[in-house]
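First up is the structure itself, then whatever we jot down about it.
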Amino acid sequence: MYYLLQPLDVGLFGPLQKYYGKAADDHMRDTRAAVVKSSFWQFYSTARRQAYTTANIKSAWRKMGIHPYNPNAILTQLVVSRSVFPPARKKVVLQTPKKSTDVRQLYLMVDAELDKAGVQQEVRDMAKKLPHTLSTSLHVAEIRDIEMADIQ
133 MYYLLQPLDV
143 GLFGPLQKYY
153 GKAADDHMRD
163 TRAAVVKSSF
173 WQFYSTARRQ
183 AYTTANIKSA
193 WRKMGIHPYN
203 PNAILTQLVV
213 SRSVFPPARK
223 KVVLQTPKKS
233 TDVRQLYLMV
243 DAELDKAGVQ
253 QEVRDMAKKL
263 PHTLSTSLHV
273 AEIRDIEMAD
283 IQ
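Residues in the sequence shown are numbered from 133 upward in steps of one, following this note's numbering.
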C-alpha cells in the first residue's frame, strides 16, 4: 500500500511502464527481434511522451490529495478491518495541529489507536509518513503567512 503515497508511481511510472511495454511487445511481435540498447531510447522516448502528460501529472497530484489539498484522498482508500463489536474506548478529541510538534503528538496518538485496533503493520508504516508530509505543509503555510505579512 506504500504506492498510495507515491504520486509519481501512481500517475507517471505506471503509465510509462505500460506504454513502454506495449511498444517493446509490438516491436518484438512485428520484427521477431529482441529490444536492444540502440532501440531502447526510441521506445522509451515515445512511451515518455505518452505517459508524462499534463493531465497525468495533475491527476497524480489530485489522487494523492496534494493539489488541491485533500487529506482524505488517501485515507478513504485504506481498508481497516474491525471486529463486529469493537471495544468501548475513551472518546478522544482531536484538534487541527498548528505546529509540527502537534503533528508528531497527533501521529503518536493515532498510531497507538491503530495498534489497539489491531491494524496491519503495513498500514501503520504508511501512517508514519504523514507527520513529515503534514509538517512540510505547515512550514510552507507558515512561510506564506510571513511573506504575506511582509507584503502588507
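Ideal Cβ placement from N, Cα and C applies to all residues, glycine included.
Relative to the alpha-carbon of residue i, which residue among the options has its alpha-carbon at the smallest distance?
| i | options | result |
| --- | --- | --- |
| H264 | Q253, I283, V235 | V235 |
| I206 | Q149, L262, T163, D277 | L262 |
| S269 | D162, W173, Q149, N202 | N202 |
| Q237 | A187, M280, S267 | S267 |
| K230 | K169, A273, W173, T185 | A273 |
| W173 | T185, S191, G153, R161 | G153 |
Going by beta carbon distance, what residues of the same chain come within less than 6 angstroms of residue i, once the five residues before and after it are set aside?
| i | result |
| --- | --- |
| Y151 | A179, Q182, A183 |
Apart from the five residues on each side of it in sequence, which residues of its chain come closer than 7 angstroms, Cβ to Cβ, to residue i?
| i | result |
| --- | --- |
| V216 | Any reading at V216 needs caution, since the residue's pLDDT is 49, under 50, leaving its predicted position unreliable; the model's value is listed next. The answer is none, since no qualifying residue turns up. |
| A155 | F175, T178, A179 |
| H199 | W193 |
Under three-state DSSP, which class holds residue i?
| i | result |
| --- | --- |
| G197 | coil |
| N202 | coil |
| F217 | Residue placement at F217 cannot be trusted, given a pLDDT of 49 that sits under 50; what the coordinates show is reported in the next sentence. Note: F217 maps to coil in three-state DSSP. |
| T268 | helix |
| V251 | coil |
| T163 | helix |
| P229 | coil |
| M261 | Here the sequence assigns Lys to residue 261, which means Met is not the residue at that position. Coil at K261, not helix or strand. |
| Q284 | coil |
| Q149 | helix |
| Q237 | helix |
Would a C-beta distance cut-off of 8 angstroms place residue i and residue j closer than the cut-off?
| i | j | result |
| --- | --- | --- |
| P147 | M196 | no |
| G143 | I189 | yes |
Going by beta carbon distance, what residues of the same chain come within less than 8 angstroms of residue i, once the five residues before and after it are set aside?
| i | result |
| --- | --- |
| A259 | Y239, V242, D243, L246 |
| H159 | A165, V167, S171, F175 |
Contiguous alpha helix (DSSP H) assignments of at least 4 residues, all confined to the stretch 163 to 191: Every unbroken stretch of the alpha helix (DSSP H) spanning 4 or more residues and falling wholly within the stretch 163 to 191 is given here in chain order: 169 to 183.
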